[in-house]
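These notes are about the structure you will find just below.
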Amino acid sequence: MIDINNIDFSKVSLFETMITIMAKIRSDFSQENVMILCNSKVEESLLVIKNKVSQKYKLKKLLILFYKKWNFSCSIQKYKLSQMLWLDKVMLSHQGNAFSLGIIFMYIAHQLNLLIEPIIFPTQLILTMKLSEDNYLYFNPLNGDILTKHILDVWLKCNISPSIKLNKNHLKRSKSLLIIHKILDMLKIALIEEKNIELALNVSNILLTLKPKDPYEMRDRGLIFSQLNCYKAAISDLLYFVERCPEDPISDIIKIQIHSIEQKKITFH
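See below:
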């Protein structure tokens, strides 16, 4: 299992880390093919965007390439959510969500010596580039649109609360491990909804390397084990949650789930 807690992100990109993790989850996931596809985009961008131009001009040209010429976007068709997260699928379809498109864009930008950083905004992932001291440009990884602070403030008011105000804490750079955790959590939920329980278990196990013995992750894995009829493992994980989070309102529901599992014949897989 990859030790994602000890990755040096100054040497390994978030994109490369994520495809390594995905290869651990899916046996048919080809890191090599994904890198070939992505590096072909890098090569094309290097031919179009010269190194001696300004950072802002480079970004403008890359946004045009990524969203206009290559047509990376959020799908308007009905895709499974997991297909919007698996990076091999996204590289082939050019359809993704803010997280998958964002980390692909950041990888290509880095090869152009553009420092693009991620921010987990309360509504979605956004990207930012520092133009000068206290001057940052923000944009939407779903479509490349520039995001002013006024737009971001409206997003908050419309989606969180009319009384909320944009502040500097909303615009703090998010650490790579947090981005990875968010992607894996979305992938786990998507796979459960799609009834792909074995892969969901693989994701859950990796999440537990990020947060060892986290009771909420243990609870989720226990529920996944129960769907796989791995009753002994399920009870162990669910009891762990109940014992450590007795005040959580969901503990009573989990106790009922444990009782239901105990009534079934324990099978081993």
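With full-length UniProt numbering as the guide, the letters of the sequence shown map in order to residues 1 to 269.
Glycine included, each C-beta is placed from N, C-alpha and C at the ideal position.
- DSSP places Thr148 in the coil class of the three-state scheme, outside both helix and strand.
- In the structure shown, Asn205 falls within a helical segment according to DSSP collapsed to helix, strand and coil.
- For Asn51 against Asn113, the beta-carbon gap comes to about 7 Å, under 8 Å, which counts as contact.
- Its chain contains Gln95 as the residues whose beta carbon lies nearer than 6 Å to that of Ser75, once the 5 sequence neighbours on both sides are disregarded; these appear in chain order.
- DSSP places Phe15 inside the alpha helix (DSSP H), whose first and last residues are 14 to 25.
- With contacts defined as CB atoms closer than 8 Å, Pro118 and Met129 fail to qualify as a contacting pair.
- Contact check for Leu137 and Leu152: beta-carbon distance about 12 Å, past the 8 Å limit, so the pair fails to qualify.
- Among the bridge pairs identified by DSSP, Tyr138 is matched with Thr128, Leu147.
- The three-state secondary structure of Pro215, taken from DSSP, is helix.
- Across the structure, Tyr67 and Val53 are spaced so that their CA atoms are roughly 20 Å apart.
- The beta carbon of Ile146 sits closer than 6 Å to those of Phe139, all from its chain and outside the five residues before and after it, given in chain order.
- Segment contact: the segment 236 to 243 against the segment 214 to 227, three or more CB-CB distances shorter than 8 Å; contact assigned.
- The three-state secondary structure of Gln83, taken from DSSP, is helix.
- By the neighbour-count definition (other C-beta atoms within 10 Å, threshold 16), Leu184 is a buried residue.
- Gln95 sits in a strand when the DSSP states are folded into three classes.
- Its chain contains Phe9, Leu14 as the residues whose beta carbon lies nearer than 6 Å to that of Ser176, once the 5 sequence neighbours on both sides are disregarded; these appear in chain order.
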